[in-house]
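Here the structure comes first, spelled out in structure tokens, and everything after it is commentary.
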Ligand code: NDP
Ligand code: HSE
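Below, the structure written as structure tokens:
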């Protein structure tokens with residue numbers, strides 16, 4: 032409960048900041064620089080009463096040392112804390128702290144997509160039970176407002192798909208590999224240096240970060256519980272300079288995409304959800320192909336609103352702090368004036384579709400023997416599994432011939448069976464890569 036400042040009638044909201052890394056430092060800096068604006072917007076004063084870190088011996092600029100503690104749990108339990116900002120990261124430790132805060136009726140603002148994707152319902156139930164707010168705009172695509180629009184602005188519509196570039200680090204890497212022929216390892220080190228990557232950057236390159244965001248987006252879009260484990264996830268580790276050159280030859284670039292779709296069974300009309308993350312070829316003419324560096328872009332397709340596009344800074348300290356602070360203002364207003372933001376809506380409770388049922392197009396790159404009849408054998412293997420070929424490109428190489436087949440839409444299951452059968456053919460020396468094609 033906000034307390035009245037005795038020198039004026041302005042109520043004060045006691046804030047605990049958990050984490051003072053890339054994001055936490057920026058949150059504290061902006062709060063300090065725009066203190067009066069925050070007071071006016073909230074109609075109450077924000078007072079940071081404690082800052083939790085892991086290592087108390089590190090030098091910290093811009094923070095009163097008396098505020099620092101390495102006991103985050105003790106801090107959130109203090110009576111003078113009304114609002115908790117969690118920017119530590121990880122799952123188990125922040126879960127304990129955030130649950131303690133929510134159970135005590137203290138509102139929480141978090142940028143932690145891994146936590147929200149793993150435990151959204153538990154956190155939302157705790158918030159509902161105590162009447163606290165749980166905000167997580169920064170957890171998806173940092174500065175880009177997309178959680179708020181899905182939760183509020185589109186609450187009167189029916190969302191059928193949400194898809195786009197959800198991870199800044201991998202876009203930064205793939206963009207530089209494509210445009211400058213830069214090396215994967217060098218660009219990953221640079222993304223880490225710039226504060227884009229997660230504490231463990233395998234969360235970025237293996238797709239887990241984007242999968243957490245896809246789970247959150249799918250839950251909000253389809254009013255159903257979707258967790259991290261419900262998202263099919265593939266990262267960019269195996270994308271080579273060769274794949275990027277092949278994409279260019281096909282008039283495309285490669286992007287790591289997160290795709291959340293409402294699937295409708297043609298016969299029964301039953302609906303289900305597909306949420307997936309994988310690298311895909313995107314035509315150069317598609318807006319997503321022009322999304323460079325660490326920027327993110329998200330398309331939302333809704334029945335009445337039509338096609339919406341959200342674009343902006345998807346990573347970095349200040350952009351993420353912007354989203355965190357937007358939530359802080361909303362939560363603090365509720366502390367001062369009463370009321371709550373809408374909670375998680377999961378009434379539709381749609382099931383998760385089998386990944387094998389997902390339909391897309393494929394770019395299949397293989398090395399085959401260079402002799403008469405091979406093309407016919409390969410084509411008939413695709414046909415035997417119901418996968419229709421759109422184009423074939425062949426070029427000679429030292430091992431035989433390189434054959435690149437682009438398919439029409441087919442299911443994941445049909446494509447997997449086709450590739451298994453191709454690998455049994457004597458004529459096929461190897462299937463170098465299979466990459467999906469999206470955006471057309
Ligand atoms: P950092 O690793 O830069 O900072 C983490 C902070 O948490 C550090 O200050 C660290 O302390 C502190 N910390 C770690 N363990 C504990 C603990 N046990 N108790 C108290 N404090 C602890 O992470 P980021 O700022 O980059 O990210 C924070 C969160 O924001 C993550 O959930 C991330 O996914 C999310 N996020 C990040 C974005 C980005 O671009 N960086 C964008 C969107 C979301 P110490 O300083 O002592 O090491
Ligand atoms: N590591 C994340 C990214 C930070 O690169 O997108 C933003 O969520």
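Numbering (our numbering), first residue to last: 32 to 471.
All C-beta atoms, glycine included, are put in the ideal place defined by N, C-alpha and C.
Note that the coordinates shown come from a computational prediction; the quantities given were computed from them, not determined experimentally.
What do you reckon, is the C-beta of residue i under 7 Å from a heavy atom of ligand 2?
{"i": "residue 242", "result": "no"}
{"i": "residue 229", "result": "yes"}
{"i": "residue 43", "result": "no"}
{"i": "residue 200", "result": "yes"}
{"i": "residue 155", "result": "no"}
{"i": "residue 346", "result": "yes"}
{"i": "residue 349", "result": "no"}
{"i": "residue 216", "result": "no"}
{"i": "residue 235", "result": "yes"}
For residue i, which residues of its own chain have a beta-carbon under 6 Å away from its beta-carbon, when the five flanking residues on both sides are left out?
{"i": "residue 208", "result": "275"}
{"i": "residue 342", "result": "328"}
{"i": "residue 42", "result": "33, 35, 75, 367"}
{"i": "residue 426", "result": "433"}
{"i": "residue 50", "result": "118, 119"}
{"i": "residue 98", "result": "81, 82"}
{"i": "residue 348", "result": "53, 54, 57, 226"}
{"i": "residue 200", "result": "222, 227, 228, 235"}
{"i": "residue 424", "result": "435"}
Measuring alpha carbon to alpha carbon, tell me which residue in the options is nearest residue i.
{"i": "residue 351", "options": "466, 61, 307, 159", "result": "61"}
{"i": "residue 317", "options": "168, 284, 295", "result": "284"}
{"i": "residue 340", "options": "197, 411, 348", "result": "197"}
{"i": "residue 438", "options": "312, 321, 426, 376", "result": "312"}
{"i": "residue 273", "options": "68, 435, 418, 112", "result": "435"}
{"i": "residue 416", "options": "102, 453, 176", "result": "453"}
{"i": "residue 48", "options": "300, 109, 144, 90", "result": "109"}
{"i": "residue 379", "options": "185, 162, 128, 256", "result": "256"}
{"i": "residue 460", "options": "401, 94, 155, 105", "result": "401"}
{"i": "residue 393", "options": "364, 184, 441", "result": "441"}
{"i": "residue 194", "options": "458, 307, 361", "result": "307"}
{"i": "residue 457", "options": "86, 103, 412, 420", "result": "412"}
{"i": "residue 383", "options": "249, 91, 73", "result": "249"}
{"i": "residue 266", "options": "277, 281, 286", "result": "286"}
{"i": "residue 279", "options": "252, 45, 359, 468", "result": "468"}
Is residue i a contact residue of ligand 1, with contact defined as CB to any heavy atom under 7 Å?
{"i": "residue 269", "result": "no"}
{"i": "residue 89", "result": "yes"}
{"i": "residue 170", "result": "yes"}
{"i": "residue 143", "result": "yes"}
{"i": "residue 404", "result": "no"}
{"i": "residue 129", "result": "no"}
{"i": "residue 50", "result": "yes"}
{"i": "residue 123", "result": "no"}
{"i": "residue 119", "result": "yes"}
{"i": "residue 85", "result": "yes"}
{"i": "residue 359", "result": "no"}
{"i": "residue 173", "result": "yes"}
{"i": "residue 15", "result": "One cannot answer for residue 15 here, as it falls past the ends of the chain, which runs 32 to 471."}
{"i": "residue 101", "result": "yes"}
{"i": "residue 226", "result": "yes"}
Give me, in chain order, the residues of the same chain whose beta-carbon lies closer than 7 Å to that of residue i; leave out the 5 immediate sequence neighbours on both sides.
{"i": "residue 206", "result": "323, 324"}
{"i": "residue 158", "result": "133, 164, 165, 374"}
{"i": "residue 474", "result": "One cannot answer for residue 474 here, as it falls past the ends of the chain, which runs 32 to 471."}
{"i": "residue 443", "result": "386, 387, 389"}
{"i": "residue 445", "result": "416, 417, 418"}
{"i": "residue 268", "result": "236, 237"}
{"i": "residue 148", "result": "243, 246, 247, 258, 259"}
{"i": "residue 87", "result": "99, 101"}
{"i": "residue 431", "result": "398, 399, 400, 401, 460"}
Closer than 7 Å to a non-hydrogen atom of ligand 3 - does that hold for the CB of residue i?
{"i": "residue 148", "result": "What this structure holds is ligand 1 and ligand 2, not ligand 3."}
Which residues in the same chain have their Cβ closer than 8 Å to the Cβ of residue i, if we skip the five residues on either side of it in sequence?
{"i": "residue 212", "result": "272"}
{"i": "residue 144", "result": "167, 170, 171, 240, 243, 244, 247"}
{"i": "residue 365", "result": "138, 164, 371, 372"}
{"i": "residue 338", "result": "330, 331, 332"}
{"i": "residue 448", "result": "416"}
Does the beta carbon of residue i sit closer than 8 Å to a beta carbon anywhere in chain E?
{"i": "residue 257", "result": "Considering every chain present, this structure includes no chain E. It has just one protein chain."}
Where are the beta strand (DSSP E) runs, 3 residues long or more, that stay fully inside the segment 329-381, in chain order?
-> 337-344
Beta strand (DSSP E) runs contained entirely in the segment 94-131, provided each spans 3 or more residues = 114-117
Output the residue ranges of the alpha helix (DSSP H) runs that lie fully inside the segment 44-75 and measure 4 residues or longer, sorted by chain position.
-> 53-64, 66-73
Where are the beta strand (DSSP E) runs, 3 residues long or more, that stay fully inside the segment 376-438, in chain order?
-> 390-399, 420-428, 431-438
Enumerated in chain order, which unbroken segments of the beta strand (DSSP E) with a length of 3 residues or greater are wholly contained in the segment 187-233?
-> 190-196
Give, in chain order, every unbroken run of the beta strand (DSSP E) that is at least 3 residues long and sits entirely within the segment 122-178.
-> 138-141
Along the chain, which unbroken stretches of the beta strand (DSSP E) at least 3 residues long are found entirely within the segment 265-322?
-> 283-295, 302-314
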